[in-house]
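What follows is a short report on a single structure.
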Amino acid sequence: MRFAVQIRNLSKTYVQGFIKKKKKKALEKIDLDVPEKTIYGILGPNGAGKTTLLSIIAGILLPDKGSVKIFGVDVHNSVRAKEVYEKINISSGHANFLWSMTVKENLSYYAMLYGMSKKEREHRIEELMELFSITSYKDVKFEELSTGTKQRLSLAKAFLNNPYLVLLDEPTVGLDPDVAIGIREVIKHFHKKKNITFIITTHNMDEAEMLCDEVMFIFGGNIKAKGDPKSLKKEMKLGDKIHIEFQDTDTAPPTALHINGLIDMSIYHDHISVVVDDHSLRLAELITELTKHGLKIKRIEIEEADLEDVFINFAR
């Protein structure tokens, strides 16, 4: 397996205050492997260390200790670091551009910084403005844009240099639901069509579950768990819950169930509650198992687990 990012034993401390200086651990002993061509989510509350980690990967901050490899290159100890950083771009959910310049002028400014020729940048800018639905704002100054349009401009900028790795810091924070959905669709488009690796920080659990192949939970600068969403839910016994009520309470339910994907179960005389890895895969098997014992089903209720449950569990 090839990795876009590999981090080992990464730590970062901030010094706060002037007279009485205090040290605050932003990150501590972080290990992270992000496979190429995946969407990787870094989840956690505000102040957990998500933005600091993204800034270190982007080369904006230096760690106190630890190593960062991007596409196999140790970016803090290699003459190839510049070459690697040219393949990266970043977008913040709190977009900040030159306020007196228009949308097109801002994109042109960054395209020139990336060394793009006039012909190349004009074509690329038109393409991205259309993709992010900001063509009609091309002559509008940044200070006059709405929050959602500012965010779409920030994302358009992140794809100017045809990056292999895109870092998105809270890409849909504070946006209207319809705008957020549109941005997620664009992320999926680039991931599928261009095989771009994404690292996304968010505290939106629905967004992470919708987009991410793997996720990492970070609290207080420490990793609490990482893996694919389904495995994490199973590890914490947070699968989908199926509640089945029986019609005939005289027929005793089985004392045990033998179905695939079973995480937990509670059996009563008139109903059962089971937790499975995926109800869409296990419900038919569960019903078959119960009817074998002569039970007649009166009602079925399903509660789907999500990453919010995992998040709450760690936040306690």
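Residue numbering for the sequence shown follows the working numbering, starting at 79 and increasing by one per position. We treat Cβ as the ideally placed atom computed from N, Cα and C, and that holds for glycine. In this text, all values refer to a predicted model and were calculated from it rather than measured experimentally.
query: In chain order, what residues of the same chain have a beta carbon less than 7 Å from the beta carbon of Thr130, not counting five sequence neighbours either side?
result: Lys90, Ala104, Leu105, Leu139
task: From the DSSP output, read off the bridge partner residues of Arg86.
output: Ser145
Ile117 versus Phe276: straight-line alpha-carbon distance, rounded: 5 Å
- prompt: Thinking C-alpha only, which one of Glu205, Leu361, Asn167 is nearest Tyr188?
  reply: Asn167
query: Shortest alpha-carbon distance to Met294 belongs to which of Lys100, Val112, Gln94?
result: Val112
- prompt: Sorted by chain position, which residues of the same chain lie with C-beta nearer than 7 Å to Lys216's C-beta, five sequence neighbours on each side aside?
  reply: Thr180, Val181, Lys182, Met207
field: Beta-carbon proximity check, Gly127 vs Ile296, cutoff 9 Å
entry: yes
message: Suppose contacts are defined by Cβ-Cβ distances below 9 Å. Is Gln229 in contact with Val264 by that definition?
response: no
Bounding residues of the alpha helix (DSSP H) (the contiguous stretch that carries Thr369): 357–370
message: By the three-class DSSP mapping on this structure, what secondary structure does Asn184 have?
response: helix
field: Contact check, Leu231 vs Asn155, beta carbons under 9 Å
entry: no
task: Give the single residue among Ala330, Ile320, Leu385 whose Cα lies nearest to the Cα of Ile365.
output: Ile320
- request: Taking Arg80 as the reference, give the member of Gly122, Val93, Gly150 with the closest Cα.
  value: Gly150
- prompt: Between the C-alpha atoms of Ile274 and Ile341, what's the straight-line distance to the nearest angstrom?
  reply: 35 Å
field: Collapsed DSSP secondary structure at Ala104 in the structure displayed
entry: strand
task: Return the chain-ordered list of same chain residues with a C-beta closer than 7 Å to the C-beta of His269, the five sequence neighbours on each side being excluded.
output: Ile117, Phe276
message: How far does the beta strand (DSSP E) with Gly122 in it extend, from its first residue to its last?
response: Taken as a continuous stretch (DSSP letters only), Gly122 belongs to no beta strand (DSSP E), as it is neither H nor E.
For Arg230, the first and last residue of its enclosing alpha helix (DSSP H): 225–236
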